[in-house]
Amino acid sequence: MTTDKESQQYCPEDPNKCYPKGVALRNQAITYADTATVVVIASGVVVATGVTLFLLAGAPKSPNKAARTWVLAPHASPQGAGLVLGGVF
Numbered sequence: 086m087t088t089d090k091e092s093q094q095y096c097p098e099d100p101n102k103c104y105p106k107g108v109a110l111r112n113q114a115i116t117y118a119d120t121a122t123v124v125v126i127a128s129g130v131v132v133a134t135g136v137t138l139f140l141l142a143g144a145p146k147s148p149n150k151a152a153r154t155w156v157l158a159p160h161a162s163p164q165g166a167g168l169v170l171g172g173v174f
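My numbering numbers the first residue of the sequence shown as 86 and each following residue consecutively.
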């Protein structure tokens, strides 16, 4: 908006009839406005996507406290080899 207002001083009679400096400033203002529009739309899409993902995620699942895990793994060392049995209770 500032660049557009600045361009108006180079368009004394009609905002569409400007001196070259006014035309350049007006074109720059249009470019700024187009860029701002794209940024606002893209930001809205990002926010909408984030809200959608947040709402669809649901509540976090609590871990099953009754779960037990057994692990059987091979073991090797210079003194010998074998199996190691472990678990979580």
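No residue lacks a Cβ here, since even glycine has one placed at the ideal position from N, Cα and C.
Measuring straight from C-alpha to C-alpha, what distance separates Leu-157 and Lys-146? 28 angstroms
Name the DSSP beta bridge partners of Thr-154, please? Val-173
Taking 7 angstroms as the limit between beta carbons, can you name the residues of its chain near Arg-111, skipping five residues before and five after? Asp-89, Ser-92 and Cys-103
Ends of the alpha helix (DSSP H) at Gln-113? 105-142
Which two residues bound the contiguous alpha helix (DSSP H) that contains Lys-90? 87-93
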